[in-house]
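A.B. asks:
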Amino acid sequence: MTVPPRLTRLLAVAAPALVGAMLLAAPSTARQAQAPTPQPGYWEYTTTAVGIRDTEQKCVRASEINRFFGGLSTRRWQCTYPVRQVGGGNARFEGVCTDRKGRRVNVRLVGPYEAESFRFRGGAQLARGTPYLPASINARRISAQCPAGAEYF
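Numbering (this note's numbering), first residue to last: 368 to 520.
Here it is, written out as structure tokens:
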């Protein structure tokens, strides 16, 4: 049996589209992995940017964990991140950090996170049009409970 050339061309064009439609319509059996949420507790984090390295330890309450994880500020720098993409165990932040004297630094950070740690790498830009200098934040949860006299976030 021979298939007419016209039908062969039609099948060649339509078959991939039909297979794609069937795959899209079929229910997914693979569950998407849930990324763990950073947990409250006693955290230590080290920031390195523009040649300055600073380590802080803070107690983070459950009500503050989103602000802690999403704000990533230090004693020296208050930061805001208009670009904040968090999910699937990876995060990306882009924003501006300002010190007490009003100096501003553009910041970009990206990296993995888990319930008890995160590691972000990126850069800090001192002035518009200049290259980004290496910057990083490494954090780990020391314990679920905060010691007496701990500084709160």
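Cβ atoms here follow ideal geometry from the backbone N, Cα and C, with glycine treated the same way.
Going by other Cβ atoms of all chains shown within 10 Å of its Cβ, with 16 needed for buried, is Lys425 buried or exposed?
C.D. replies: On the sequence shown, position 58 is the one that residue 425 refers to. It counts as buried.
A.B. asks: Between Glu481 and the rest of its own chain, which residues show a CB-CB distance below 6 Å, the 5 nearest in sequence each way excluded?
C.D. replies: In the sequence shown, the residue the question calls residue 481 occupies position 114. Closer than 6 Å at Cβ, skipping near neighbours: Pro403.
A.B. asks: Roughly how many angstroms separate the alpha carbons of Ala515 and Val474, rounded to a whole number?
C.D. replies: Translated into positions along the sequence shown, residue 515 becomes position 148. Translated into positions along the sequence shown, residue 474 becomes position 107. Roughly 34 Å separates the two Cα atoms.
A.B. asks: Let me know the secondary structure DSSP gives Ser440 once reduced to three states.
C.D. replies: Stepping through the sequence shown from its first residue, residue 440 is reached at position 73. Ser440: coil per DSSP, three-state reduction.
A.B. asks: Which partner residues does Gly408 have in the DSSP bridge list?
C.D. replies: Position 41 of the sequence shown, counted from the start, is the residue given in the question as residue 408. Paired residues: Val427.
A.B. asks: How should Arg508 be labelled, buried or exposed, when 16 other C-beta atoms within 10 angstroms of its C-beta is the threshold for buried?
C.D. replies: Translated into positions along the sequence shown, residue 508 becomes position 141. With 16 or more Cβ atoms within 10 Å of its Cβ, Arg508 is classed as buried.
A.B. asks: Contact check, Arg488 vs Leu476 under 8 Å by CB: the rounded distance?
C.D. replies: Numbered from its first residue, the sequence shown carries residue 488 at position 121. Numbered from its first residue, the sequence shown carries residue 476 at position 109. Their Cβ separation, rounded to whole angstroms, is 7 Å, which keeps Arg488 and Leu476 in contact under 8 Å.
A.B. asks: Let me know if Gly408 comes out buried or exposed under the rule of 16 or more other beta-carbons within 10 Å of its beta-carbon.
C.D. replies: Here residue 408 corresponds to residue number 41 of the sequence shown, with the count starting at 1. By the 10 Å Cβ count, Gly408 comes out buried.
A.B. asks: Return the residue from the list Trp444, Asn505, Thr422, Trp410 that minimises the CA-CA distance to Gly478.
C.D. replies: Stepping through the sequence shown from its first residue, residue 478 is reached at position 111. Looking at the Cα atoms, Asn505 is the closest of the given residues.
A.B. asks: Give me, in chain order, the residues of the same chain whose beta-carbon lies closer than 8 Å to that of Arg428; leave out the 5 immediate sequence neighbours on both sides.
C.D. replies: Taking the first residue of the sequence shown as 1, we reach residue 428 at position 61. Correct list, in chain order: Pro407, Tyr519, Phe520.
A.B. asks: Could you tell me whether the Cβ atoms of Val417 and Val472 are closer together than 8 Å?
C.D. replies: For the purposes of this step, residue 417 is taken as residue 50 along the sequence shown, with counting starting at 1. For the purposes of this step, residue 472 is taken as residue 105 along the sequence shown, with counting starting at 1. Yes, the pair counts as a contact, with Cβ atoms nearer than the cut-off.
A.B. asks: Check Phe520 in the structure and name its three-state DSSP category.
C.D. replies: Position 153 of the sequence shown, counting from 1, holds the residue named residue 520. Note: Phe520 maps to coil in three-state DSSP.
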